[in-house]
Amino acid sequence: MEKAKVYYTDFRAKSGEGLPTKLQRLMKKAGISEIDMENKFVAIKMHFGELGNLSFLRPNYAKAVADVVKELGGKPFLTDCNTLYPGSRKNALEHLYCAWENGFTPMTVGCPILIGDGLKGTDDIEVPVQGGEYIEKAKIGRAVMDADIFISLTHFKGHEATGFGGAIKNIGMGCGSRAGKKDQHANGKPTIDAEACRGCKQCLRECANDGLSFDEASRKMTVNAENCVGCGRCIGACNFDAISFEDSAATKVLNSRMAEYTKAVLDGRPNFHISLVVDVSPNCDCHPENDAPILPNIGMFASFDPLALDQACVDACLKMTPLPNSQLSDRMAAEHFCDHHDHFENTTPNSEYKTCLAHAEKIGLGTREYELIFMK
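Following the numbering used here from start to finish, the sequence shown increments by one per residue and tops out at 398.
The following block contains the structure:
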């Protein structure tokens with residue numbers, strides 16, 4: 023494949039121009055104006071941050087992106103899908119309250135905010151994965167797929183399982199409905215915590231496969247393993263966090279599934295991608311806390327190719343000197359430290375990301391070969 027173009031600028035700001043305006047210049051330099059947005063619905067996929075976490079991207083950046091879309095005639099909305107795990111974003115109401123508390127409101131970002139997979143994370147659509155090896159049909163939030171144009175706005179950071187969280191993670195995992203996230207994260211079938219189960223039978227109403235059985239004597243729900251297909255819809259139906267999947271997929275399989283979900287989201291419509299390498303926390307913004315950054319702030323990147331974008335951000339990070347008093351520097355100073363010659367693997371030795379990039383290229387998501395173009 024021909025080398026992809028990745029545009030980059032640092033966080034230096036000249037007099038009279040703030041960083042949101044500089045981001046808008048970068049987007050235009052990278053060619054976003056080539057997309058016909060006139061009267062089109064434009065999904066801007068981002069992460070609103072878990073409550074207690076402060077490393078997520080500020081709403082100012084989201085507004086900068088939304089304003090460019092409106093300038094080009096588009097109808098933007100910010101979106102993300104509900105989480106699989108218990109937290110402050112496991113259904114649309116709590117998700118919106120979380121977004122608002124973290125500063126994302128229609129007034130601050132200049133456009134509506136829609137949770138992509140609906141109230142309980144069950145409003146999804148099955149999307150075929152062209153060339154997929156692990157996923158035949160991806161379960162994507164319906165609002166995400168209803169959009170005419172897709173833009174990802176990513177906080178590039180470390181991640182405890184996938185090494186780093188970049189564009190592919192933001193899109194593939196983030197756009198999966200709760201069932202879709204289960205599809206990527208887990209093998210096997212759910213378990214039910216009897217103590218947490220209230221016997222409300224709400225999950226039973228969502229199950230289409232007779233995969234659940236209600237014990238009238240104990241007033242508790244149980245899983246019928248013979249009939250259960252592992253779709254994950256019962257998780258979204260439970261308001262008491264009584265249902266979970268415990269059999270986690272191995273990291274390399276998770277990475278490959280995530281790349282295939284990303285391809286399902288992007289195939290067949292215009293898309294554009296932005297990553298900000300800033301406040302590079304060691305873990306995902308899904309955590310209700312953020313540790314000190316492991317690397318210095320590097321800059322803003324934009325490209326039509328999400329794979330090239332991730333590769334460029336990784337390469338830029340690996341050139342940096344780790345920051346003192348961080349998880350990374352602590353690990354490197356520890357007795358019997360084993361140097362992986364990779365900042366992300368040194369931060370979380372059990373993580374791995376190269377499989378994701380390699381599989382993404384294999385299935386035609388993009389190319390890892392890129393030309394880096396600097397904008398002052």
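Don't be surprised by glycine CBs; every beta carbon is placed ideally from N, CA and C.
Expressed to the nearest angstrom, what Euclidean distance is found between the alpha-carbon atoms of residue i and residue j?
i      : j      : result
Leu76  : Asn312 : 6 Å
Val331 : Ile395 : The question names Val, yet the displayed sequence has Leu at residue 331. Cα-Cα distance, rounded: 12 Å.
Gln484 : Phe294 : Nothing about residue 484 can be reported from this structure: the residues present for the chain run from 23 to 398 only.
Phe236 : Gln152 : 39 Å
Lys179 : Asn209 : 26 Å
Tyr30  : Phe78  : 20 Å
Cys378 : Leu317 : 22 Å
Ile147 : Arg255 : 13 Å
Lys203 : Ser37  : 44 Å
Ser278 : Ser266 : 22 Å
His117 : Leu41  : 27 Å
Ala189 : His177 : 8 Å
Asp361 : Pro81  : 37 Å
Gly196 : Leu288 : 13 Å
Glu357 : Gly132 : 50 Å
Leu234 : Leu175 : 39 Å
Lys27  : Ala380 : 19 Å
Pro328 : Asp301 : 20 Å
Asn45  : Phe326 : According to the sequence displayed, residue 45 carries Leu and not Asn. If I take the Cα positions, the gap works out to 15 Å.
Val87  : Glu238 : 53 Å
Arg353 : Gly74  : 24 Å
Phe359 : Ser373 : 16 Å
Lys92  : Cys222 : 45 Å
Asp307 : Pro292 : 27 Å
Asp364 : Phe262 : 40 Å
Arg241 : Arg220 : 8 Å
Asn249 : Val336 : 43 Å
Lys398 : Glu60  : 29 Å
Ile385 : Lys274 : 15 Å
Ile173 : Val166 : 10 Å
Phe33  : Ile296 : 14 Å
Ile320 : Leu340 : 11 Å
Asp168 : Ala160 : 15 Å
Thr43  : Arg111 : 30 Å
Gly145 : Arg200 : Sequence inspection shows Asp at residue 145; the Gly mentioned does not correspond to that position. Their backbone Cα atoms lie some 9 Å apart in a straight line.
Let's see if you can read the secondary structure: which residues bound the beta strand (DSSP E) around residue i?
i      : result
Glu155 : Counting along the chain, Glu155 falls outside any beta strand (DSSP E), and DSSP gives it neither H nor E.
Met23  : Run containing Met23: none; DSSP gives neither H nor E here.
Phe396 : 392–396
Ser174 : 171–177
Leu136 : 135–137
Starting from residue i, trace the alpha helix (DSSP H) both ways and give me its first and last residue.
i      : result
Gly202 : 200–207
Val302 : Looking at the DSSP string, Val302 is not in any alpha helix (DSSP H), and its letter there is neither H nor E.
Ile193 : 189–194
Asn368 : 365–369
Met129 : 128–131
Lys384 : 376–384
His117 : 114–123
Ala165 : 164–168
Met354 : 349–355
List the whole-angstrom C-beta distance separating residue i from residue j, where the pair is believed to meet the contact cut-off of C-beta under 8 Å.
i      : j      : result
Lys25  : Thr389 : 7 Å
Ala324 : Ala52  : 4 Å
Tyr283 : Ile135 : That pair is no contact at about 22 Å.
Asn113 : Gly138 : Asn113 to Gly138, Cβ: 13 Å. No contact.
Ile162 : Gly198 : 6 Å
Met280 : Gln206 : 6 Å
Asp102 : Met68  : 6 Å
Leu387 : Lys285 : 5 Å
Ile57  : Ile171 : 6 Å
Met322 : Leu115 : Actually they are not in contact, since the Cβ atoms of Met322 and Leu115 sit about 32 Å apart, beyond 8 Å.
Ser351 : Pro315 : In fact, because the Cβ distance is near 11 Å, the residues do not count as touching under 8 Å.
Arg227 : Ala259 : 7 Å
Met23  : Glu367 : Not quite, the Cβ-Cβ distance comes to about 27 Å (not below 8 Å), so this is no contact.
Pro310 : Glu72  : 5 Å
Ala338 : Val299 : 6 Å
Ala121 : Phe70  : 4 Å
**Request:** Decide yes or no for the touch test of the region 105–115 against the region 211–220: beta carbon pairs closer than 8 Å, at least 3 of them.
**Result:** no
**Unbroken stretches of the beta strand (DSSP E), 3 residues or longer, contained in the region 29–100** = 63–67
**Request:** Answer yes if the region 46–66 comes into contact with the region 91–103, meaning at least three C-beta pairs across the two stretches below 8 Å, and no otherwise.
**Result:** yes
**Asked** Taking one C-beta from the region 178–197 and one from the region 118–136 each time, how about it: are there three or more such pairs within less than 8 Å?
**Response** No, because fewer than three Cβ pairs between the region 178–197 and the region 118–136 fall closer than 8 Å, the two stretches do not touch.
**Request:** Could you pull out every unbroken beta strand (DSSP E) segment of at least 3 residues lying fully inside the region 258–340, listed in chain order?
**Result:** 293–299, 321–325
**Asked** Between the region 341–354 and the region 141–160, do three or more beta carbon pairs fall short of 8 Å?
**Response** no
**Residue ranges of each alpha helix (DSSP H) within the region 213–244, 4 or longer** = 224–228
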